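Number of protein chains: 2
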Amino acid sequence: MSKKYVYFFGAGKAEGRADMKDLLGGKGANLAEMTNLGIPVPAGFTISTEVCTYYYQHNGQYPEGLAEQVDTALKNVEKVMNSRFGDPENPLLVSVRSGARVSMPGMMDTVLNLGLNDQTVQGLIKKTSNPRFGYDCYRRFVAMYGDVVLGMKPESEDDIDPFEAILEAKKKARGVQLDTELTADDLKELVAEYKQLILERTGQPFPEDPRDQLWGAIGAVFRSWNNERAIVYRQIHNIPDEWGTAVNVQSMVYGNMGEDSGTGVAFTRNPATGEKELYGEFLINAQGEDVVAGIRTPITISKLGELMPDVYRELQTIADKLERHYRDMQDMEFTIQQGRLWMLQTRVGKRTGLAAFRIAVDMVEEGLIDEKEALLRVEPDQLNQLLRPVFDAGEKEQAVRSGRLLTRGLNAGPGAATGRVVFNASDAVAWKEKGERVILVRIETSPEDIKGMHAAEGILTARGGMTSHAALVGRQMGKVCVVGAGEIEIDYKARQFRVGNHTIKEGDWISLDGTTGEVIEGKLQTRPSEVIQVLIEKSLKPEASKIFHVYQKMMSWADQYRRLGVRTNADQPDQARVAIAFGAEGIGLCRTEHMFFGGNRILAMREMILADTVEERKAALDKLLPMQRQDFIEIFRVMRDRPVTIRTLDPPLHEFLPHTDQEIQELAEQLGISEHKIRARLEALREFNPMLGHRGCRLGITFPEITEMQARAILEAACEVKKEGLDVKPEIMIPLVSEVRELEAQEEVVRRVAKEVFERYGFQVNYLVGTMIEIPRAAVTAARIAQAAEFFSFGTNDLTQTTFGMSRDDAGKFLPFYLEHKILPYDPFARIDFEGVGKLMEWGIQQGRQTRPKLKVGICGEHGGEPASVEFCHQLGMNYVSCSPFRVPIARLAAAQAVLKASA
Amino acid sequence: MSKKYVYFFGAGKAEGRADMKDLLGGKGANLAEMTNLGIPVPAGFTISTEVCTYYYQHNGQYPEGLAEQVDTALKNVEKVMNSRFGDPENPLLVSVRSGARVSMPGMMDTVLNLGLNDQTVQGLIKKTSNPRFGYDCYRRFVAMYGDVVLGMKPESEDDIDPFEAILEAKKKARGVQLDTELTADDLKELVAEYKQLILERTGQPFPEDPRDQLWGAIGAVFRSWNNERAIVYRQIHNIPDEWGTAVNVQSMVYGNMGEDSGTGVAFTRNPATGEKELYGEFLINAQGEDVVAGIRTPITISKLGELMPDVYRELQTIADKLERHYRDMQDMEFTIQQGRLWMLQTRVGKRTGLAAFRIAVDMVEEGLIDEKEALLRVEPDQLNQLLRPVFDAGEKEQAVRSGRLLTRGLNAGPGAATGRVVFNASDAVAWKEKGERVILVRIETSPEDIKGMHAAEGILTARGGMTSHAALVGRQMGKVCVVGAGEIEIDYKARQFRVGNHTIKEGDWISLDGTTGEVIEGKLQTRPSEVIQVLIEKSLKPEASKIFHVYQKMMSWADQYRRLGVRTNADQPDQARVAIAFGAEGIGLCRTEHMFFGGNRILAMREMILADTVEERKAALDKLLPMQRQDFIEIFRVMRDRPVTIRTLDPPLHEFLPHTDQEIQELAEQLGISEHKIRARLEALREFNPMLGHRGCRLGITFPEITEMQARAILEAACEVKKEGLDVKPEIMIPLVSEVRELEAQEEVVRRVAKEVFERYGFQVNYLVGTMIEIPRAAVTAARIAQAAEFFSFGTNDLTQTTFGMSRDDAGKFLPFYLEHKILPYDPFARIDFEGVGKLMEWGIQQGRQTRPKLKVGICGEHGGEPASVEFCHQLGMNYVSCSPFRVPIARLAAAQAVLKASA
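Respectively, the protein sequence lines represent chains A and B. Numbering-wise (the numbering used here), the first sequence opens with residue 1060 and increments by one. Numbering-wise (the numbering used here), the second sequence opens with residue 1060 and increments by one.
Structure (C-alpha cells):
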C-alpha cells in the first residue's frame, strides 16, 4: 500500500488536525481542525507537503498512489457536497490553493472556480438561475488558469496582462467603463476569445476535462513554491526550501449568489482595543475579492444580526467555539451562500499592543490561559502603547489626508506631542516659562541642550540615529522624539525650517508622532495614557481605568517570574521618581555630566577646564562641589534604600566649552580672560576621534582632583541622607576602563576621600566601587579588572562601537545599507550583537566571576530596555538590567519572558 | 656547626664563584671569580645576602656564628695582606660595600678607609711617609662614617652636610679655596672637630675600635637595602625586596700613593666601534673618585704602556684572560698602588649597537661564542645603527654646544638629515626638482603630503606620536623623521616657525637627528651607512666594508634559525626594491590609497568622490584603472614570484578632498562644478570619529564599483606580468572586516572580476582573497570569517585602537602620563599589548585555524618590525610578519631570537 498523501476534510470529519501543520500546511491543518470541531467548512482535501518534496526530488513526477488517493478524496467531496466533478447538471467546482507551514501571503498561486467548461457552466447557471454569474465565473477561471497554469504572462514588462487586454478591448467595443456593465453574452464571448488566445499562444487548446484542469492546477501550485518571489521571501524569512507547500483542493462556495449570500471577516475580539465583542465587517452578495478591492464599503458585523439573525448567531457560536478551542483571539473568513454559513479560514488574529495586553489579561481572568501564557502572548515593546500620550486617531488621519504630513523621521521616542517650534534650548526654556508648549527643533542635540529638551514637549532633529544624543536623552526623559528627519532643512539664522515646499517658522505649531516618526504641520490634540494618569499624574483612580488594570496585572505577573533586577538610567530626581513609579529597583546609571549644564554650574565647569594649574582647577571644583552634592542628596532622597550607581565624569572636556564666536566672547567676559585663551584651549582639546579620546577615567586619572570632587560630593551627600534615616546605597562607577591599573588609580582616590568624609561625619556609609565594561580590552582582561571592581556594568553602547570599530554617529552612512542588504541581521545599537559584542560580554562575566564569584553584573547601555537583549542578559546570568524610565516596565516584562522561554 | 655566611677571597683562592651571584651579589661573586683566576684582587670577604634576609627577619639581629666567621675571614685577609686590623704600626684598612644580585648603582651605602683611628693613622703615615695623605684618609673616613653609619645628615633640606660645613669653615679660616690647599695639621684638626660634632650630635664618642667600626659599617650597609631610594629603585626595576644585599669587606688599595700609583677603567674591546683593542683611560696618583669627578683629564690607556710597561702588559694579559673566561667584552676597574696592579671590578661592558654587532660577529670568528649566542647578544633594534645615515659626531656635538639645538621631538624615523626648510608638499617637490635638499616641516602630515615627504630628506612635525601618519609613512619610506616636536610653533602664512627665541624661515637650513629626536639649526654633514652603500647604492664593494661583513654574517645566521617569514609594507616599486635588498620575502601590506595622490590621479579620484550617480562614478574609476594597473605591474615586476598582499581602498573618502578655500576653488574650476557642491560633499562626508566611520570594506560594500576597479587593476596587472614569464602571486586583502558577510560581499566582487579578466586573457593567475583582522569583532568571530578568508593579516594598529578604545592621534593627551605613572607598562602602539590585543590575536588565530587548519596568518601593523612583538607573533604561530623596508632586517633578527629564546 502506498503512503498516505491526501487528507480529506468535510461533513464534520477530517483526516488532519491542527498540529499537522508540517504535513498539511497551516491552511490545510486549520481547515481540518475546524471540520473536526463540527464547524461548517466546504469539503475538500489537502495534498501533503511531502508530495511537494517528492515532486522536486523527482523532476516533476508524483509519487505512486497519489492519483488514486486524489480520486478517492474527490469522491468523498462529491458525496458530501452532493454534486459531481464535471457533471453538466450539478457540477462540483473547486479552488486549488497553496498552503505552507508558515503563511507566505500572496507568494504562491491559486486557481478558483476549477471544474468549469462549456458543459458544466450550464449546470452552474441552472443552479443559480444566473447566466451572467455563470459566465463571469467561467471567464475568470479561464483567465486565471491561463495565467497560473499555462504561464501566459505579459510579453514584456511594458505590456499588460493578455487577458486583461482582451477584456479592455471588449469594454471599449461595448462602450462601457466597468466589468459589471458587461452582459452575460459579452462574458461568454470573452471565454471564447480567451480560449482562442490560449490556443494561439500555447499551441494547445484549453483543457475542457476538469480532471486535466485539476492536475494542471496542482502542478502549478507545487511549481509556484519555487517562483522567484517565493524564493526571495523564504530567504528573507529564513524558511527552508525543503519544507515545500501543501495543496488544498476545496469545494467552491459563493457569496455572490444573491441577497441571501455574502462574505466577510470577523474577529473574536476587537483587534484594536481588545474588547470582548464579535468584531468585523461583511458585504452582501459579494465575493472575498470584492471586500479586498475596497470598491464597496463593507458593513459592520453587528448589522448581520439584523439582516440574517440565524447566521449571525451561528457565527457567534462558531467564534466562541474557535476561540475556546485555540485559546486565542481568532481572525476568521466566512462566506454565506444562499443563507448558509461556511467558514473558510481561521487563524490567530493580529492586534494592536493595547489589544494584545487587554486580551491576554482578560483571557487569564476568563480562565482561558494561565499567567505564563499571558506573559508570553505580548511583545514587551508594545507596552509603549499603554504608556505614551496619544493623538486622537481620527484627527491625525484627517490631518494627514489634508496634506499636513511634513515628513517622517526615525521614531526614537514614542508618544504624541504638539507644540510651537523653537530652534534652541534657551528659547525652549524661556517659552516654556511663559506657559507655551514647545517642540525643540535642532540639526542635532548636544549635552548643552539638556535643559531645552527638558522644557520641550517633543524633540525633532534632522540628523542622528536611534541612539543619537537626542534619541537617548529623549527616551530617558520620556520625551516624544523624532530624529534623523533628513528631509528638513533648518536655517537657524532665519529661525525656520523647510521641508519640500512647506516653510515652518519659529512659533508655528507642529505635531510629532514619536511612535510612527511622523511630523505633522499644525496642532493636534493629545492626551496622556491612562497608566500615566494613574501612576504619575495621579489624576485618575486605578480602579477607574481598565488599561491600568491590564498594565498592573501584567506587571505583577512579570515580577513574579523574572529573576533579573531592573534599574533605571536617571540623573534627575523627577526621572528617578517616574522610574520608581514604573517599578525601577535602583539606578543603574546616573550620568554626572548632565548636572554640569545648569546656570552657574557650566560657568564653574568652564573655569575648571580653563584653569592653568591644579590649584586653579581645585578652586573651580570647590564651587561645583556643593551643587553636585545637592544633586546627589535629592536623588538619594528619592531612591531611599535602592542602590544608585553613579558614573564619574565621562565626556571629553571640549563638550563643556562654548563653540560659537558669541558664546566665546561672553565667556571671556564672564571669566575675565582673553578670548584667545579660550580658543587656544578649544584647539588644544580638539580631537580627531573624540569617542576614542581623552574621556572617561582618562580624565579622572590625568586630573584626579575631578574624581576627588565627585567622590566627595557623592559620599557627603550619602552621609547627609543617611543622617535623615535612609539606608543609602551609593555605587561609584568608573567609566572607560581598559586596564585594571586605571581602575585601581581611581579607586585609590575614592577610598581616600571616603576615609576623610567618614572620619568627619563620624560614621560610614556602605558603598561600592566598580567599573563600566565598555571597551573590548576590559572584557578581555576582566579577570584582572575584577580584582579591583566590586561590580561590572556593561556599557553596551560604547562596547558596540569599539567592538565593531563603528561610530554610532557616523554609521548612518553605511549601516542602513548594511541592514537593507542583510550584511547585518539587525542594528547592533538597538539590539545586542550576540555573536560579537555578546561573546565579549559572556567572556567578561565568566572571567570576572572566576576572580570574584559574587561579582554583581549589570548592563546600563540602551540595550537594557530592548526585549531580546534583556533575554540575552538573563541568559548570561546578569544581576540586573538598567534602562530609561519609560522602558522599565518593558524590561520587567522581557525579563519575565526570558525565564519562561528558558523553561519552555 | 653554624651555616656558612662568610666567603673569603684573596691570594689566588676564593670560596665563592661567579655563579653564586644570588648568595654573594654581583660584586662579591665577580671578585671571587677573579681571585680564583689568579688575578690580583685585594683580599677580602663577602657576607652573604642570607645574612641580610636574616637581619630583616630578626629585627636587626645577626645569625649565630657570623661574628666568628667574620673574625676568621679577617684573620685570613690580614695574613694575605701582611698587615693587621687595628695595628698601630701596620694597619689593615678596608672598604665595606654593598652588592646585590643585580647592580643598583649608587642606591646603597659604602664606607672606605675603615680601620683608622688616632693610633692606626700613624701606621698609615709611616707606611706612606705622607702625613697629609694619612690625615686626609682619616678625616674622609670619619665624615663618611658619621654620615653613613651614624646617620648624621643635614638638619633640614636647606642645610648643607654638617661635615662639609666644618670643612668650609676651616678653609675660610685658612683663607684657601681648595681642599688640597689644607695642610696635614689642618686635616688633623678637622678630624678632631668632626669627632667633637659626632659626640655632640649622637651623645656617643666616635668609635675608636676598628672592630666596632666594622660592625657599625656592616649594619649600615644592610640597613641601606631599605633606604627610600633603594626601595623606589627596586619598585621601578621590579627587584624583589626579599633578595637583600651582600656586604663586601675588602682591603683598601690606594692609587694616590705617588707617581708609581694610579687608577683607571679599561674595556677589553672598543665599546663604541667594537674594534678588538684594549680601550680605556687612567690617572696617575689618583683615586677612583678623581676619575669620576672629572677635575683632571684622564690619559688614554695606551699611554700606560709607555709609563708603566710591565703594568700595562699585565693589564693586557688580565683583560685577555677575563674576556676569554667570561666570553664577552669586559669593563674593568683597576688601581696601581706603588707599581703593583690590583683589579677591583670586572663586568660585562656596555656598548653601542655597532659595537655589539661587531663584537658578536668577531667573537664567533674567534671561536669564543657560537652563532646562536651571537644572535642573542644583540638587540635587534640596534641594527638601525648599522643602517642609518649618520652625522659626524664631533660636528654635531659642536653645534649643540654652541646653542644650535632647537628642540627635541620624538625619534620616529632614525638617521640623520640636513636640508632647507619648506612648509608644504608641493614646495618640497618643486625645490627638490631644482636640486635642493629639503626638510618638510608640517604641523601634521596627511596622505596628500606623500609626494612632498618622498621629496624631502627629512620630516619634522609639531604634532603626532610614534605611529602618527608622518611617523608611519616616514619609516616606510626610510625617511629621517622627528614628530611631535610640540615646542615649535608653525606659521604657514608667514612661512616660518618659531621655537623659543629662534625663528626659522623657509629656506633656512636645519638638521634632524631621527635617532635622538634632536632638531638642530643649520647644516650638518651626513653620510649613508656602509650597509646602504653596499646593498642599495652599490657604491661600495661588500668586501671593502667591515660593517657590511658584520651585517651580512648576522643576517645569514638569523635566516638559518628563524621560522617566521618576513615581508614588507610597501606601495612603491623603489620601496619594494629596498625591502628586497634587506631580505623581504614578499609584500605583506601594499596600501593602494597612496597611489591616488599623484598628478591626474587625485583629480580622477576627486571626480569619483563627487560623482552623483553610479555611472559618473564608474566613468571616473575608468580613468583610474589604467594608472592603478600600471602601479601594480611595476610592483609585480620588482617582487617577481614573491607574494604581494594588496589592500583595497581603506581611508575615508574625505581624506582625498581638498580642504582649504583656495584648493576648493581650484578643484571646482578643474572639474567645472560649483564650489558649493564640493563644500556640500565635504560636509556630507564629515565624520565625528573618522577612525570608526565610513572606510575600509564599508566603502567597498556601499560603492562596489571601487572594489571592482581595484580588483580589475590588480588582476589585469598580474596577467600582464605573468605574460612576461613571472609567477606573480597577488593576495587581495579586504580591510576593516568585522562580519563575515562583509568579506563575502567583497569576495564576490573580486571573484566575478577575476573570472572576467581570466576569460579575456585566456589563462589564470593564482590569487588569494583574505582579510585584515583589525577590529575586535573580527577576532571574536574569526571562526566564521575564516570560512571566507584564505588568509588573515592582523592590522594591529587599528586593532590596538579599537581594543583599547583609544585613538592613536588623540592618545598624546594621556598616554605619556599613563606610561610615566606605570598605568601601562609600555606604549601599546609601539609594542603589542600581549594581555589584551594579544589575547584577541591568539583567539582569532586559534578560531580561524579551527575552521581552516592551513590558514595563512600574518601581521601588517607597525608592530611587525618591533622585536618583542615579533617574538610574540612567533609564539602565536604566525606565518609571517610584515614591516617597513628598513625594519626588515630587524624583524629577521628578532624572528631568529624568538626561536632561540623558545628553545633556551
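Note that beta-carbon positions come from the ideal geometry of N, C-alpha and C, so glycine has one too. Bear in mind that the values here come from a model prediction, so they are computed numbers and not experimental data.
For residue j and residue i, the rounded distance between their alpha carbons
i, j, result
"S1142 of chain A", "D1886 of chain A", "57 Å"
"A1281 of chain B", "G1412 of chain B", "Looking at the sequence shown, residue 1281 of chain B is not Ala but Phe. One C-alpha to the other measures close to 37 Å."
"Q1909 of chain A", "S1941 of chain A", "24 Å"
"S1943 of chain B", "A1629 of chain B", "7 Å"
"L1648 of chain B", "K1782 of chain B", "24 Å"
"P1601 of chain B", "L1774 of chain B", "39 Å"
"G1347 of chain B", "Y1551 of chain B", "55 Å"
"A1777 of chain B", "I1765 of chain B", "18 Å"
"G1205 of chain B", "G1278 of chain B", "14 Å"
Member of the options whose CA lies at the smallest distance from the CA of residue i
i, options, result
"Y1313 of chain B", "B:C1196, B:T1239, B:G1364, B:V1407", "B:C1196"
"G1174 of chain A", "A:E1148, A:S1162, A:L1374, A:G1165", "A:E1148"
"L1758 of chain B", "A:A1870, A:P1506, A:H1718, A:A1838", "A:A1870"
"E1259 of chain A", "A:P1164, A:P1221, A:G1897", "A:P1221"
"T1672 of chain A", "A:S1604, A:F1715, A:P1763, A:R1688", "A:P1763"
Residue i: first and last residue of the uninterrupted beta strand (DSSP E) it sits in
i, result
"K1062 of chain A", "It is not in any beta strand (DSSP E) - K1062 of chain A carries neither H nor E in the DSSP assignment."
"M1402 of chain A", "1399–1407"
"P1702 of chain B", "1702–1706"
"F1853 of chain B", "1850–1853"
"G1647 of chain A", "1646–1650"
Residue i vs residue j beta-carbon contact at 9 Å
i, j, result
"Q1116 of chain B", "Y1064 of chain B", "no"
"I1949 of chain A", "D1440 of chain A", "yes"
"G1317 of chain B", "L1342 of chain B", "no"
"V1977 of chain A", "F1200 of chain A", "The structure shown does not extend to residue 1977 of chain A, since chain A spans only 1060 to 1963, so no value can be given for it."
"P1711 of chain A", "E1746 of chain A", "yes"
"L1445 of chain A", "Y1610 of chain A", "yes"
"P1330 of chain A", "R1410 of chain A", "yes"
Three-state class that DSSP yields for residue i in the structure shown
i, result
"G1353 of chain A", "Low local confidence applies: a pLDDT of 47 at G1353 of chain A is under 50, so the model's placement there is unreliable, with the coordinate-based value given in what follows. The answer is coil: DSSP assigns G1353 of chain A none of H, G, I, E or B."
"E1577 of chain B", "strand"
"G1347 of chain B", "helix"
"T1672 of chain A", "coil"
"W1302 of chain A", "helix"
"D1550 of chain A", "strand"
"F1715 of chain A", "helix"
"H1561 of chain A", "strand"
"N1938 of chain B", "coil"
N-terminal and C-terminal residue of the alpha helix (DSSP H) that residue i is part of
i, result
"T1910 of chain A", "1896–1910"
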